[in-house]
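S.K.:
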Amino acid sequence: MKFYQHQSLKKYNTFGLDVYAMYFVEYGSEDELLEILSSEVVSKNPLLAVGQGSNLLFLKDFDGVVVHSALKGITRIEETEDSVVLEVGSGVVWDDLVEHCVQHGWHGIENLSLIPGEVGASAIQNIGAYGVELKDVLQKVKAVRIADGETKIFTCEDCRYGYRESIFKKELKGQYIILSIIIKLSKKQVFNLTYHHLEKEVLQRGEINLRNVRDTIIAIRESKLPNPKDIGNAGSFFMNPVVNRKKFEDLRSAYPQIPHYFISDTQEKIPAAWLIEQCGWKGKRVGNVGVYAHQALVLVNYGGASGQEIADLAYQIQADVDAKFGIKLIPEVNFIG
Ligand SMILES: Cc1cc2nc3c(=O)[nH]c(=O)nc-3n(C[C@H](O)[C@H](O)[C@H](O)COP(=O)(O)OP(=O)(O)OC[C@H]3O[C@@H](n4cnc5c(N)ncnc54)[C@H](O)[C@@H]3O)c2cc1C
């Protein structure tokens, strides 16, 4: 365990921003994490846990300690004829976990294929895609409280998961470092293909099985989203807004073609990408930054941008959407600094 000074964070943020951390340190065990937390460096500086930085926007250098997990284990802790329970270290790359589970014939997270990032952040974000969220399989989260090094096990209920929401993004924001998650997967052939035309697309490629579902989702994602290795981005920049029924009906009478998803009798979800596109932002470039031409929800760094330039673009988009539709878009990406 070593504290590195003035460490580049370029490979720890998928926007590819050229920012630095005053200190950078990795933990490979719970004891190492406790040692880090009780160090003088940590007592004197702000602390930030990062995974792959695929949901982070650094506005400037981080004047504090960046902590990264090197906990890599995937351990079977319970198994029956029908299911398996795994404990997965926070430093495991999320998509490696999905591939591991598909190879073993374990169902439940195949729809979450190719989501960038690591397991630790998945529990903070409640990652989701194609009708599945982490909370659907998650049983527990093991974490350490930064203030006093106390280990706590959170049940799924404790985590208060919602759409890209959790207690770790609200009341407990910045207070815990994740060690591992515990998930329960099924050995039975259960698939969730109800999202849009997913079943049709899977069938077009072959029969319904874990490998084909995973491959189909990877193919769809690769056709729609820019690969951060080619062009800096953090996936969906904004959350899809949920509006009340009265607001939705007002919008629908003004824009009869408005796309929407039923949430409940009182609420409707509207794709943020559509709102942004209607404001003329899709494919627009402003200096080094812009809105991806194939997906208006993705803001991109064409190279050499600063975090502030990306934030300024986001603020302009927010202002335009608010002015046209009376909806305040909320960023999904975490602003740091
Ligand atoms: C091309 C692209 C596509 C994407 N598609 C999706 C998608 O379909 N669905 C989806 O949900 N998300 C998506 N995302 C967003 C992103 O992949 C997820 O939010 C992911 O969980 C972030 O993981 P990370 O390891 O990069 O976390 P980071 O971005 O590094 O961190 C995210 C948050 O978690 C905290 N954190 C990270 N590790 C720990 C830890 N060990 N302990 C405590 N806190 C921690 C950070 O402080 C921060 O608040 C996409 C991103 C990209 C670039």
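Just so you know, the sequence shown maps onto residues 42 to 378 in the numbering used here.
Note that beta-carbon positions come from the ideal geometry of N, C-alpha and C, so glycine has one too.
Determine whether the beta carbon atoms of T257 and R286 lie at a separation below 9 Å.
M.R.: One-based indexing of the sequence shown puts residue 257 at position 216. One-based indexing of the sequence shown puts residue 286 at position 245. Going by C-beta atoms, T257 is not nearer than 9 Å to R286.
S.K.: For R205, verify whether its CB is less than 8 Å away from any heavy atom of ligand 1.
M.R.: On the sequence shown, residue 205 is found 164 positions in, with the first residue counted as 1. True, at least one ligand heavy atom lies under 8 Å from that Cβ.
S.K.: Could you please give the first and the last residue of the uninterrupted beta strand (DSSP E) stretch that includes D104?
M.R.: As a first step, residue 104 is located in the sequence shown; it is residue number 63 there, counting from the start. For D104, the enclosing beta strand (DSSP E) begins and ends at F103 to S110.
S.K.: Any heavy atom of ligand 1 closer than 8 Å to the beta-carbon of W135?
M.R.: Against the sequence shown, residue 135 aligns to sequence position 94. W135 Cβ: within cutoff of ligand 1.
S.K.: Can you find the residues in the same chain that come closer than 7 Å, C-beta to C-beta, to E242, ignoring five residues on each side of it along the sequence?
M.R.: Taking the sequence shown and counting its residues from 1, one reaches residue 242 at position 201. Same-chain partners within the cutoff: T257 and I261.
S.K.: Would you report the Cα separation of P312 and V108, rounded to the nearest angstrom?
M.R.: For the purposes of this step, residue 312 is taken as the residue at position 271 of the sequence shown. For the purposes of this step, residue 108 is taken as the residue at position 67 of the sequence shown. Answer to the nearest angstrom: the Cα atoms are 34 Å apart.
S.K.: Please name the residue in V339, I377 and I259 whose C-alpha comes closest to that of R246.
M.R.: Reading the sequence shown from its first residue, position 205 is the one you call residue 246. Measuring from the Cα of R246, the nearest candidate turns out to be I259.
S.K.: When the distance is taken between beta carbons, is H145 closer than 9 Å to V125?
M.R.: Numbered from 1 along the sequence shown, position 84 holds the residue referred to as residue 125. Numbered from 1 along the sequence shown, position 104 holds the residue referred to as residue 145. Result yes, Cβ atoms of V125 and H145 sit closer than 9 Å.
S.K.: Look at F103 and G378 and say whether their C-beta atoms are less than 9 Å apart.
M.R.: In the sequence shown, counting from the first residue as 1, residue 103 sits at position 62. In the sequence shown, counting from the first residue as 1, residue 378 sits at position 337. Against a cut-off of 9 Å, the Cβ pair of G378 and F103 comes out as a contact.
S.K.: Distance check for F195 and I208, CA to CA, integer angstroms please.
M.R.: Residue mapping note: residue 208 aligns to position 167 of the sequence shown, counting from 1. Residue mapping note: residue 195 aligns to position 154 of the sequence shown, counting from 1. Cα to Cα, I208 sits roughly 10 Å from F195.
S.K.: Assuming G348 contacts V106 (C-beta within less than 8 Å), just tell me the rounded distance between them.
M.R.: Position 307 of the sequence shown holds residue 348. Position 65 of the sequence shown holds residue 106. Between V106 and G348 the Cβ distance is about 19 Å, and since that is not below 8 Å, they are no contact.
S.K.: When you compare the CB positions of L88 and G190, do they come within less than 9 Å of one another, or not?
M.R.: The count along the sequence shown starts at 1 and reaches residue 88 at position 47. The count along the sequence shown starts at 1 and reaches residue 190 at position 149. No; because the gap between Cβ atoms is not below 9 Å, this pair is not in contact.
S.K.: My parser needs the beta strand (DSSP E) runs of 3 or more residues fully inside the stretch 196 to 271; what are they?
M.R.: 217 to 227
S.K.: Do V332 and L354 have their C-beta atoms within less than 9 Å of each other?
M.R.: Locating residue 332 in the sequence shown gives position 291, counting from the first residue. Locating residue 354 in the sequence shown gives position 313, counting from the first residue. Yes. Within cutoff.
S.K.: Which same chain residues, not among the five before or five after L370, have their C-beta less than 6 Å away from its C-beta?
M.R.: To locate residue 370, count along the sequence shown from 1; it is residue 329. The residues are F279, A313, Q359 and V362.
S.K.: Between G158 and Q166, is the Cβ-Cβ spacing less than 9 Å?
M.R.: For the purposes of this step, residue 158 is taken as the residue at position 117 of the sequence shown. For the purposes of this step, residue 166 is taken as the residue at position 125 of the sequence shown. Going by C-beta atoms, G158 is nearer than 9 Å to Q166.
S.K.: Answer with buried or exposed for Y217, where buried requires no fewer than 16 other C-beta atoms within 10 angstroms of its C-beta.
M.R.: The count along the sequence shown starts at 1 and reaches residue 217 at position 176. By the neighbour-count rule (16 or more Cβ atoms within 10 Å), Y217 is buried.
S.K.: State yes or no: is the C-beta of A90 within less than 9 Å of the C-beta of S110?
M.R.: Walking along the sequence shown from the start, residue 90 turns up at place 49. Walking along the sequence shown from the start, residue 110 turns up at place 69. Going by C-beta atoms, A90 is nearer than 9 Å to S110.
S.K.: Have a look at I156, S264 and I150 and flag the residue whose alpha-carbon is nearest the alpha-carbon of L226.
M.R.: Taking the sequence shown and counting its residues from 1, one reaches residue 226 at position 185. Its Cα nearest to that of L226, the residue I150 stands out among I156, S264 and I150.
S.K.: Please tell me whether, using a cut-off of 8 Å, the distance from the CB of A90 to the nearest non-hydrogen atom of ligand 1 is below it.
M.R.: Numbered from 1 along the sequence shown, position 49 holds the residue referred to as residue 90. Under cutoff, so the answer is yes.
S.K.: Between which residues of its own chain and E263 is the CB-CB distance below 8 Å, once the five residues before and five after are set aside?
M.R.: Within the sequence shown, numbered from 1, the residue matching residue 263 stands at position 222. Cβ within range, chain order: L155.
S.K.: Please check the pair D115 and V178, which I expect to be a contact at CB under 8 Å, by giving their CB distance rounded to whole angstroms.
M.R.: Here residue 115 refers to the residue found at position 74 when the sequence shown is read from its first residue. Here residue 178 refers to the residue found at position 137 when the sequence shown is read from its first residue. First, the amino acid is wrong: residue 115 is Ile here, not Asp. With 8 Å as the limit, I115 and V178 do not qualify as a contact, their Cβ atoms being about 14 Å apart.
S.K.: From what residue to what residue does the beta strand (DSSP E) around K181 run?
M.R.: For the purposes of this step, residue 181 is taken as the residue at position 140 of the sequence shown. L179 to R186 is the span of the beta strand (DSSP E), which, as asked, contains K181.
S.K.: Would the C-beta of L127 count as close to ligand 3, meaning under 8 Å from any of its heavy atoms?
M.R.: This structure simply doesn't include ligand 3; it includes ligand 1 instead.
S.K.: To the nearest angstrom, report how far apart K288 and P269 are at their CA atoms.
M.R.: Position 247 of the sequence shown, counting from 1, holds the residue named residue 288. Position 228 of the sequence shown, counting from 1, holds the residue named residue 269. About 36 Å.
S.K.: Mind checking which residues open and close the beta strand (DSSP E) that includes I168?
M.R.: Numbered from its first residue, the sequence shown carries residue 168 at position 127. Unbroken run through I168: none, as it is neither H nor E.
S.K.: Hey, Q180 and K265 are a contact pair by Cβ (cut 8 Å); roughly how many whole angstroms apart?
M.R.: Along the sequence shown, read from residue 1 onward, the residue named residue 180 stands at position 139. Along the sequence shown, read from residue 1 onward, the residue named residue 265 stands at position 224. Not confirmed; about 31 Å, so no contact.
S.K.: Among Y45, F44, F56 and S49, whose alpha-carbon lies nearest the alpha-carbon of A352?
M.R.: Reading the sequence shown from its first residue, position 311 is the one you call residue 352. Nearest option by C-alpha distance: F56.
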